[in-house]
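Numbering (UniProt numbering), first residue to last: 1 to 238.
Written below as C-alpha cells is the structure these notes are about.
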C-alpha cells in the first residue's frame, strides 16, 4: 500500500549519524496521523554507510534504502522522489538540525491541498536558531541576494527540511538542472515562477558542528546557479 508521506534522508559517509537519525525520525513519524515511509539514499559513500543503511532497513518496518554511485543531494532527491508512490514527498538532513516538531506543520498544508511546497525557514521572525556568526552572515547574505537578483518571496532557500506534493514534483523535477546543493534554490525559484503555492514554516534549528558542507565551494556553485536562473526564460503557470 502506498504511504501518504515519504521522507528521504540523503546521505554521504554518514555511518555514525544514520542510526540515531533513523531511530528518532521513525519514533516521531509514529506519532503523526499519516502513513509513511523513510528512504535512505546513499550517494557514493566510501565508508560503512551502505551496510549501516541496509541494517536499518532490515530492522525498522517502513524504512528502505537505495544506493547511487554518484554524489549530490539534488541527485539523491531527484532519484528518490521520481520513484516514489507517496502523495507527499519530503526530505531532511541526516543531522536532524531541524527540530522534528516542525514536520507536522510542514506536511499538513500539502495534505490538505492548501499548498504545493513547504519549506522550513530559519529566517522567520519566530524561528529559534543556534549557529555561528559566519554561517549566519552567509545564510542571510545569500537569501538577500536571491531576493534582489531573482525577486523571490520566500525567506530561506537552503534549510534542509522541505516537502512537496507529488503532482508538483512531477511538474518541477524535469526542469531542475542542478544535482548538488543548489537543487533546493532552483526547485523553489521554478515553483514560484510557475505560480505554485509555497508555505514557509518557522523552525527551531541547531547548527551541526560536524557538517561536511564546503561553504566556499558551495557559495561559488550557488552564485553560478543564480546567474543561470537570471537568464532562464519564464515558465508557464502550473
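All residues carry an ideal CB built from backbone N, CA and C; glycine is no exception.
Residue closest to residue i, alpha-carbon to alpha-carbon, out of the options
i	options	result
residue 44	191, 75 and 181	75
residue 95	190, 176 and 22	22
residue 83	37, 55 and 107	37
residue 126	202, 28 and 134	202
residue 224	204, 183, 194 and 208	183
residue 245	181, 169, 105 and 112	This structure does not reach residue 245, given that the chain is present from 1 up to 238, and the question cannot be answered.
residue 35	168, 130, 222 and 107	107
residue 100	146, 18, 208 and 204	204
residue 159	6, 93 and 81	93
residue 177	219, 138, 132 and 228	228
residue 81	16, 6, 129 and 2	6
residue 219	134, 188 and 194	134
Presumed contact (8 Å Cβ cut-off) between residue i and residue j, rounded CB distance
i	j	result
residue 73	residue 10	5 Å
residue 68	residue 86	Not confirmed; about 19 Å, so no contact.
residue 40	residue 56	7 Å
residue 4	residue 88	6 Å
residue 146	residue 32	At roughly 31 Å, the Cβ-Cβ gap does not stay under 8 Å, so residue 146 and residue 32 are not in contact.
residue 207	residue 97	7 Å
residue 192	residue 165	Their Cβ separation, rounded to whole angstroms, is 15 Å, which puts residue 192 and residue 165 out of contact at 8 Å.
residue 196	residue 168	6 Å
residue 18	residue 53	6 Å
In DSSP terms, what residue i is bridged to
i	result
residue 74	Looking at the DSSP assignment, residue 74 forms no beta bridge with any residue, so it has no partner.
residue 128	204
residue 64	39
residue 173	Answer is none; residue 173 lacks a bridge partner.
residue 223	In the DSSP output, where bridge partners are listed per residue, residue 223 has none listed.
residue 5	36 and 88
Residues near residue i by beta carbon distance below 6 Å, same chain, minus five either side
i	result
residue 185	157
residue 199	109, 115 and 118
residue 190	172 and 175
residue 262	Absent from the model: residue 262. The displayed extent of the chain is 1 to 238, so no value can be given.
Cβ shell of residue i (< 7 Å), same chain only, five flanking positions each side left out
i	result
residue 155	121, 123, 124, 143 and 200
residue 149	226 and 230
residue 77	8, 10, 91 and 183
residue 60	22 and 26
Cβ shell of residue i (< 8 Å), same chain only, five flanking positions each side left out
i	result
residue 12	42, 43, 44, 45, 49, 71 and 212
residue 102	120, 161, 201, 202, 203 and 204
residue 1	35
is_contact[residue i, chain C] using C-beta, thresh 8 Å
i	result
residue 112	The structure shown contains no chain C; it holds only a single protein chain.
Practice task
Only counting runs of 3 or more residues, tell me where the beta strand (DSSP E) segments fall wholly within the stretch 78-165, in order along the chain.
Solution key: Within the stretch 78-165, the beta strand (DSSP E) runs of at least 3 residues that lie entirely inside it are, in chain order, 88-92, 117-121, 128-130 and 161-165.
Handout entry: Sequence ranges, beta strand (DSSP E) only - wholly within the stretch 7-60, length at least 3
Key = Correct list: 36-43.
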